[in-house]
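Quick note on our numbering: the sequence shown kicks off at 574 and runs consecutively.
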Amino acid sequence: MKKLALLLGAAIVISASCTTPKVMRYYRSIAETKTLSTKTEVSKYFEVNAFILDPTAGANKTITDLSDRGQGSLVEALNTKTKTPKELVSALAGSLKESQTAGGTKGTLLWKKRIVLNVLKVDKERANRLQQILFTMEIPVALQNNVEFVSWDKIATESQVIDLGKITSGSTTSTSFSPEITLAGTVQGKAPGAFSSSKTFTEEKSFASKFVGLNAALASKSKFQVVYQPLPNESNSVNIVVEVTLRSKLSKEVTVLDFTGLYDGTIANTDQSKVGITGTVLIRPDFGAGTPEVPIDLSYDFRYRTAENGRRTEPEYDDEVTYLDGSISEPTKFKLFDKEESEAVKTWEITDGVNILHLFKAGSAEQILFDNSASAYQLLNWIKQTGSLKVSDYELRSGPYNVITTANIPNLQVRITP
């Protein structure tokens, strides 16, 4: 029995020392490194395209979008306005809508865009792949004093989403994963981990690697970068979608008017003392003289890997590889703001066919502008129904100073401000 115990002990020692070694290399050897300097050369291996989409309209915010303190304040406020727990729960489940009051300011200098970066592998050799690509999107120098990047809050591919506007987490079937947000909006893969069993460890590590392979950062207020590092044996054809917020440093400001008390129900009100007029400053982006457009310069630095030997096996550690490095620049590849968008924030006015209708009082005139057509037509119909040449205690003028008469009223019409 003693000899048997010794033999068993020796067998255990021998089997423990014969564990399968871990493979720690990415390739067997590097044959050479070449440089691709033109888009034509690169197109033999992969193609890059980029375009812009408008983000989908955001859903109304709910109580979960508020901070802890904000949630507490909302509950306290709603509690004073509801009579039963059921009413309170119903109110909390609803959306939060901002009330708009006349006066003050309206509009924004911020806007959001969804950038789609498309990488299409055309190289038919399966063992060859893109190892890394760094996209750089930069506001042209001529516009850097007029517009800037503010933030990014979502980046996604077909297999993963990083959304800074929500709880930043992802999950697989059996593990959860929380990335760590670092400086400049960068997201790094870091897994504190929640495992259902030891078998999920490999899945968790793989999931973490996928996050590390996709990253983004604001390098400066004029430069935004996205890096993509595909996993071994993963398809290099991918759509990378990222949402960015920009801000115009300059603004166009006009005053739009809101008229109240023009009607009592459906009846035009002839009592001028009941008519009120409130002005609101409408703010719009202004990118300076010359063009309302904001083009973006796109460039990408990459490393492409070709397998010279070892391509018949799926693992890459036995490959002899050639690296193809390059940098491609495509000025004004796409536009983050264009003429059509600059005209999206419209104003309306009333004209007699020659001049614009103004309000006149005490030697001062102000053009009548609206931020919606309904308000403009409401005032026009009121004028035609009442035949009044005054609104509240203001005179109506054609242009700043030309007096209008009742004969001019049939000629009045609403139009979009040119």
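The beta carbon of each residue, even a glycine, is placed where N, CA and C say it ideally should be.
Here the structure is a predicted model, which means the values were calculated and not measured.
Taking DSSP's pairing of strands, which residues face residue i in a bridge?
i: proline 803; result: DSSP output for proline 803 lists no bridge partner at all.
i: isoleucine 840; result: Asp837
i: arginine 857; result: Lys825
i: glutamate 620; result: Leu693
i: threonine 709; result: Gln798, Ser872
i: tryptophan 684; result: Leu819
i: serine 953; result: Correcting the residue type first, residue 953 is leucine in the shown sequence and not serine. According to DSSP, leucine 953 bridges with nothing at all.
i: arginine 878; result: Arg702, Tyr896
i: tyrosine 967; result: Val964
i: leucine 930; result: Ser971
i: isoleucine 901; result: Tyr873
Could you check whether residue j and residue i sit closer than 8 Å to each other, using their CB atoms as the reference points?
i: glycine 573; j: asparagine 928; result: The displayed coordinates of the chain run from 574 to 991. Any statement about residue 573 would go beyond what the structure contains.
i: tryptophan 725; j: leucine 791; result: yes
i: phenylalanine 708; j: leucine 871; result: yes
i: valine 720; j: alanine 623; result: no
i: threonine 853; j: aspartate 837; result: no
i: phenylalanine 722; j: valine 817; result: yes
i: tryptophan 684; j: leucine 855; result: no
Whole angstroms is fine: what's the gap from residue i's alpha carbon to residue j's?
i: glutamate 698; j: phenylalanine 619; result: 12 Å
i: leucine 969; j: glycine 960; result: 11 Å
i: phenylalanine 943; j: lysine 679; result: 12 Å
i: valine 987; j: glutamine 704; result: 59 Å
i: lysine 822; j: isoleucine 850; result: 31 Å
i: valine 692; j: glutamine 798; result: 15 Å
i: serine 610; j: lysine 908; result: 25 Å
i: threonine 920; j: valine 829; result: 8 Å
i: alanine 947; j: glutamine 802; result: 52 Å
i: glutamate 711; j: glycine 936; result: 50 Å
i: lysine 796; j: tyrosine 950; result: 45 Å
i: leucine 953; j: valine 964; result: 11 Å
i: serine 846; j: glutamine 940; result: 21 Å
i: alanine 980; j: lysine 957; result: 11 Å
i: lysine 607; j: leucine 682; result: 46 Å
i: leucine 962; j: proline 991; result: 25 Å
i: serine 793; j: leucine 787; result: 19 Å
i: tyrosine 873; j: threonine 895; result: 20 Å
i: proline 904; j: valine 621; result: 14 Å
i: phenylalanine 875; j: valine 827; result: 47 Å
i: alanine 715; j: threonine 730; result: 32 Å
i: arginine 706; j: glutamate 605; result: Note on residue identity: the sequence assigns isoleucine, not arginine, to residue 706. Taking the straight line from one Cα to the other gives about 19 Å.
i: glutamate 893; j: glutamine 717; result: 45 Å
i: valine 800; j: glycine 899; result: 15 Å
i: leucine 804; j: isoleucine 989; result: 53 Å
i: isoleucine 869; j: aspartate 859; result: 17 Å
i: lysine 906; j: valine 867; result: 11 Å
i: glutamate 614; j: lysine 686; result: 31 Å
i: isoleucine 977; j: tyrosine 967; result: 13 Å
i: phenylalanine 910; j: proline 713; result: 13 Å
i: alanine 938; j: tyrosine 974; result: 7 Å
Can you list, in chain order, the residues of its chain whose CB lies under 8 Å from that of residue i, leaving out five sequence neighbours each side?
i: serine 616; result: Val695
i: isoleucine 985; result: Per the sequence presented here, residue 985 reads as leucine, with isoleucine not at that position. Around leucine 985: Ile923, Thr924, Asp925, Leu930, Leu953, Ile956, Lys957.
i: valine 848; result: Phe832, Thr833, Gly834, Leu835, Asn842, Val964, Ser965
Could you name the residues of the same chain whose beta carbon sits closer than 7 Å to that of residue i, not counting the 5 residues immediately before and after it, in chain order?
i: arginine 857; result: Gly680, Ser824, Lys825, Val918
i: isoleucine 982; result: Ile956, Lys957, Gly960
i: arginine 702; result: Pro803, Asn809, Arg878
With 8 Å as the threshold, decide whether the Cβ of residue i is near any Cβ in chain B.
i: glutamine 802; result: Although the question refers to chain B, the structure presented lacks it and comprises just one protein chain.
If you drop the 5 nearest sequence neighbours on each side, which residues of the same chain put their C-beta closer than 6 Å to that of residue i?
i: lysine 612; result: Ile901
Are the stretch 830 to 842 and the stretch 801 to 817 touching by the rule of at least three beta carbon pairs closer than 8 Å?
no
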